[in-house]
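Okay, so here's the structure we're looking at.
Residue numbers (our numbering), protein chains in the order written: chain A, 24 to 112; chain B, 341 to 791.
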C-alpha cells in the first residue's frame, strides 16, 4: 500500500528534512520525491510505502500535520488510490 | 509516479471547492423482521439494523481519514415500513421510534424508510402508516418518510395526492415549534427509485438484496470552478468540461463505495450521480447555471442550462462507475442552495419556473417553503402536477414543500444545518379543491404500454 504526502507553503530551510524525519520515525519508506517552486510557493509531492508503518496511518497523519502546523505549511497524507482513481482510467 | 498537477488538482477540489462524498447509505432489508406482535417486530427491526450498521460510521470515518475525502453523512435506509407494519394491525408509530432508537445507536443522522408505495391504491398497512406520519415525524428527529403516489406504469393515485396534501400540512403543524422541520423530512414521489441513497426519500426497495451500500457524491463547487476557467468557451465545450469534471467526481464515489463495501463485508449497490448542493457558499447548483451565463438562476435560459448540466453529469459519471442508480441528476432544493435562496428572495426564481426545471433534472419541487395558510388541496394539486411531469416523462419527480405555519409570503424559515433556510414562496391563490376532491386514479399514460 502506498500513500502520497503533499506539502504546500512558503519555501524555507529544512522542509524536506522535517518531513523525511517523520517518515523515517514511522518506518515509511520514501519511494519518490518531486518538488517544485511555483511563484515562491513550495510544492512537494512524496510517494511513500505505508505497508510497514510502526504506529499506523492515523498516527503518521497526525505527526505530519503537526510538522505542517509548526512550519506554517499545508501537509496532507492521502492514500494513493484516490489520485489513481481520479486521474487514471 | 502521478503528475504533481493532478495531485494538486485533487487536493484543491477537496480543500477549496467542497468536493465531498455526500452520503454513504446502508440499505437494510427488514422483510424477515415481520411479526404480528408489534413489540416483537420493533425489537427485530432494532436488532437487525444495529447488527448490520453498528460499524457504518466508524468505517466511514476511517475511509475519510485515509483517503482524505470528507464523507458528510452516514445513513441507513430500510424496507418501506408499511410492508412490515401491515402484519401487526397496530399504530405503526412504534416502528418510527424503533428506527429512531436504532439510528441513535448507530450514530447516523438520518434513517429513511418510514414509507409506503401506493401508486395504484392502498393496502391495509399503507393508510395506517400514512396517517401516522405527522405523529411519527414529530416524535422523532432522525426518521425520514417518503410516499410514492404515482408511476409511469400505474398512473397517479389522486386519492393519495389528496391525503398527502393533508398529511404534509399536519406534519408541519405538529412540528411548528421546530420550524416545521417534520415536513422537510417527508417526500412525495412519482417513480421513486428503490436504491436512492439521498434523504429524505431513501428507502430500501423490496427488489434489493439483504444489505447493500449505496453512495451519493457531490461537487457543484468543483463544476463551477472548472467553468470559471472557460469564460469564452461555447456551450458544447461547456458540456465537455462538465462531463470531464463529473467523471472525476464520480470516480471518488466509486472508490469510496467499493472500499466501504469491502470493509463492511456488504455488497456495493450503486453510485448516485447527483450534484447535491449545500447552503455553503461555493456549493451551489444555481451558481453553476449562472456561471454558464445567466444573470440570476430562474431567468429565461435556466431550463436549458439545467438540462445541459443534468445530461453532462450523467454522461461523465456513467463511465466512471460500474453501477449507477438512485436519482442521478442535478438537485435543485431551494433552501439547501445558496444561489437558489438568493434567487427566490429576489423573486427571480418562482415556483412555476422550478416546476419547469423539474422536467429536465432530478428530483422535483424540493425544499420549498410555502405560506402556512396554503389549503391542503393546493398542496395536493402541486403534488399532482409534479407527479404528472414524472409520469409522462418516465422520470422520478418529487415534492417536498414545507408549509410555514403562522408565516406569510416574504418571511423566512431557517432549519439550520444541511437543510438550510429560505424565503416563503408565492403560490397561486386560486383553488384546485374540486379537482382534488374528485379522487380516483389518473390512468397510466401511453408511455406505459411498452411491451
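All residues carry an ideal CB built from backbone N, CA and C; glycine is no exception.
- In chain B, which residues lie with their C-beta within 8 Å of the C-beta of residue 108 of chain A? 591, 592, 594, 595
- Task: Kindly list, in the order they appear in chain A, the residues whose Cβ is closer than 7 Å to that of residue 351 of chain B.
- Result: 29, 99
- Query: Beta carbon of residue 743 of chain B, beta carbon of residue 711 of chain B: below 9 Å?
  - Reply: yes
- Out of curiosity, what's the CA-to-CA distance linking residue 413 of chain B and residue 715 of chain B? 35 Å
- From what residue to what residue does the alpha helix (DSSP H) around residue 348 of chain B run? 344-355
- In the structure shown, what three-state DSSP assignment does residue 703 of chain B receive? coil
- Query: Helix, strand or coil: how does DSSP classify residue 785 of chain B here?
  - Reply: coil
- Query: Shorter than 9 Å from the beta carbon of residue 762 of chain B to some beta carbon of chain A?
  - Reply: no
- Under the three-state DSSP convention, the category residue 618 of chain B falls into: coil
- Message: Quick check: what's the CA-CA separation for residue 407 of chain B versus residue 749 of chain B?
- Response: 45 Å
- Unbroken alpha helix (DSSP H) run spanning residue 426 of chain B, endpoints: Per DSSP, residue 426 of chain B belongs to no alpha helix (DSSP H) and is neither H nor E.
- Task: Please classify residue 534 of chain B: does DSSP put it in a helix, a strand, or coil?
- Result: coil
- Task: Using the Cα positions of residue 596 of chain B and residue 644 of chain B, report the straight-line distance between them to the nearest angstrom.
- Result: 32 Å
- Quick one: residues in its chain with C-beta nearer than 6 Å to the C-beta of residue 478 of chain B, no 5 flanking neighbours on either side, listed in chain order? 514, 515, 522
- Item | With 16 other Cβ atoms within 10 Å as the buried cut-off, status of residue 394 of chain B | exposed
- What is the residue span of the alpha helix (DSSP H) that residue 627 of chain B lies within? 625-631
- Under 7 Å (Cβ pairs) to chain B, residues found in the region 44-73 of chain A: 55, 57, 59, 66, 68, 70
- Min CB distance residue 89 of chain A to chain B below 9 Å: no
- Which residues, in chain order, does the region 368-390 of chain B contribute to contact with chain A at a C-beta distance below 9 Å? none
- Query: Does the region 534-547 of chain B come close enough to the region 448-466 of chain B to have 3 or more Cβ pairs within less than 8 Å?
  - Reply: yes
- Item | Endpoints, the alpha helix (DSSP H) within which residue 390 of chain B is located | 378-393
- Hey, would you say residue 505 of chain B sits closer than 9 Å to residue 776 of chain B, going by beta carbons? yes
- In this structure, does DSSP put residue 417 of chain B in helix, strand or coil? strand
- Query: From this set, B:674, B:642, B:679, which residue's C-alpha is nearest residue 759 of chain B's C-alpha?
  - Reply: B:674
- Item | Which of helix, strand or coil DSSP assigns to residue 671 of chain B | coil
- Query: Would a check of beta-carbon distances place residue 42 of chain A closer than 9 Å to chain B?
  - Reply: no
- Query: For residue 355 of chain B and chain A, any beta-carbon pair shorter than 9 Å?
  - Reply: yes
- Taking the DSSP output, what are the residues bridged to residue 65 of chain A? A:32, A:60
- Of all the options B:377, B:530, B:424, which has the alpha carbon lying nearest to the alpha carbon of residue 493 of chain B? B:530
- Closer than 9 Å to chain A by CB, residue 409 of chain B: yes
- Message: I'd like to know if the region 388-405 of chain B and the region 87-96 of chain A are in contact, where contact means that at least 3 CB-CB pairs between them fall below 8 Å.
- Response: no
- Item | Close-in-space but distant-in-sequence residues of the same chain around residue 773 of chain B (CB under 6 Å, 5 per side omitted) | 717
- Message: Quick check on residue 97 of chain A: does DSSP put it in helix, strand or coil?
- Response: strand
- By the criterion of Cβ-Cβ separation under 8 Å, what are the contact partners of residue 84 of chain A in chain B? 405
- Message: Just to confirm the assignment, what range does the beta strand (DSSP E) spanning residue 761 of chain B have?
- Response: 761-763
- Item | Exposed unless 16 or more other CB atoms sit within 10 angstroms - verdict on residue 359 of chain B | buried
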